[in-house]
Amino acid sequence: MPDAVLRAMHRGSENIYEGPLIEMAETLIPDLCRVARTSGKVAMYISNGHGMWEAALVNVSNIGDKILNLSVGSFGRMWAQTARDLGREVIDLDFGNDTAQDLDQIENALRAHDDIVAVLMTHVDTSSGRRCDPKEVSEIIARLGHRAVLMVDCIASMGCDRFEMDAMGADVAITGSQKGLMTPAGMGFVFFNARAEAAHARVGPISPYWNWAPRTDATRISQRFCGTNPAQHLHGMRAALDMIHAEGMEQVWARHETLAKAIWAAIDHWGQDGSLAAVVREPEHRSHAVTALTMTAPDGQRLRQWCEDHAGMTLGIGLGLVPLGSFEAQGHFRLGHMGYVTAQMILGMLATIETGLNALGIAHRAGGILAASQVIADHTADHSKG
Ligand SMILES: *Cc1c(COP(=O)(O)O)cnc(C)c1O
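If you use the numbering used here, the sequence shown corresponds to residues 8 to 393, in order.
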């Protein structure tokens, strides 16, 4: 989280009914839509990402409606479970953690059930680090003339991996404040287009807190938030969006891409003897926001502990690939590289990992950090001096 965001949030109570705070809150809406690349609407919530799963579902479907769920990791599976818990009938297509979504299976499911009201997919699944292309799915829906709305979980990816809601044909996209948007956990966002609004018109009753209509047709800020607004978070989001748009969306995506490629270069180099690897084998299907790794248990856990104890660096735990708490889980960990990340931070992270591998005597091919540095040098090369 950038200091500018934290500083912007550090303030006491102000007038939450009228005046500058209300005017500033309105400016977030177009700037959020520029991040999602949509001419649609955005509803803002006080919530984390789990809340956005529910919000998206209850605005386009009724209890008993059919939902098609596509998953490539545990976050996709959890969204499907949320739908089941809300009484929706879920048809599950689970493609595993490290393979592509199967477009034929998706098409067959849609052909077999013309009463599917929504398709759920995860743009980047944070457990596996796998990225899926929403356009592949929206093209099938369009070609079949199917009624289903396409709903995309962009909680990990927005502001990191290229996501263009309108161009990719997503009808609903959800995200949270705390990942690529660089602001503490506490706000969630649902973007939606006219197709999704048509789906909304036929459902009801809708839980008043999650209903996106009053939030987007608001005449008072208390309607936008169904109660008190999160003033400090609004200031934090304003600062974060200022940083994102000052850099530019294309540049933000390019920075994440270069840094992700540097990370993969290090991993591929270290793992040449097979001791360590990215969970997603094909680079074109890897996320630029998060990378999941696998090594022999318990070395992943030993490395995480070393980084925590000796370098003040916390690596992500492995999630969803094997049962949490199992011995095999100690072979998995994840690198988060979303949002406020620079070459300096990523090179520091990789050098720390390589130091830990050395300190613990974990087998690896030395020199991953050089491979990573070469990627960054190549992407930022200054040819002006020949
Ligand atoms: C983090 C995350 C979630 C859950 O968000 P919370 O804020 O923890 O509730 C859901 N989906 C994806 C893809 C995520 O990365």
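Every residue gets a Cβ at the ideal spot worked out from N, C-alpha and C, and that includes glycine.
Give me, in chain order, the residues of the same chain whose beta-carbon lies closer than 6 Å to that of D132; leave out the 5 immediate sequence neighbours on both sides.
Beyond the five residues adjoining it in sequence on each side, D132 comes within less than 6 Å, by CB distance, of V79, G80, F82, G83 in the same chain, given in chain order.
Under 6 Å from any heavy atom of ligand 1, does the C-beta of I181 make it?
Not under cutoff, so the answer is no.
Determine the contact status of F232 and T45, defining contact as a CB-CB distance below 7 Å.
no
Between the C-alpha atoms of L13 and R245, what's the straight-line distance to the nearest angstrom?
L13 and R245 have their C-alpha atoms roughly 11 Å apart.
For G211, name the three-state secondary structure that DSSP assigns.
coil
How many Å lie between W60 and P191 at the Cα?
19 Å
Nearest to E361 by CA position, among E291, L310, Y52, is which residue?
Among E291, L310, Y52, the Cα nearest to that of E361 is on L310.
Whose C-beta lies closer than 7 Å to the C-beta of I353 among residues of the same chain, with five residues either side of it excluded?
L266, A269, I270, H344
Using the rule of at least 16 other Cβ atoms within 10 Å of the residue's Cβ for burial, across every protein chain shown, is A208 buried or exposed?
exposed
The alpha helix (DSSP H) with L268 in it runs from where to where?
A small fix is needed here, since residue 268 is Lys in this sequence, not Leu. Here the alpha helix (DSSP H) through K268 covers 256 to 277.
Taking all protein chains shown into account, decide if R52 is buried (16 or more other Cβ within 10 angstroms of its Cβ) or exposed.
The displayed chain sequence assigns Tyr, not Arg, to residue 52. By the 10 Å Cβ count, Y52 comes out buried.
Mind checking whether H339 and T301 have CB atoms under 7 Å apart?
yes
Identify whether A296 lies in helix, strand or coil by the three-state DSSP scheme.
coil
Using 6 Å as the cut-off, classify the Cβ of I162 as near or not near the heavy atoms of ligand 1, replying yes or no.
yes
Cutting at 6 Å between CB atoms, please list the residues of its own chain near I369, excluding the five before and the five after it.
D306
Leaving out five residues before and five after T89 in sequence, what residues of the same chain have Cβ atoms less than 8 Å from its Cβ?
H57, W60, E61, L64
Where do the N-terminal and C-terminal ends of the beta strand (DSSP E) with E96 fall, by residue?
96 to 101
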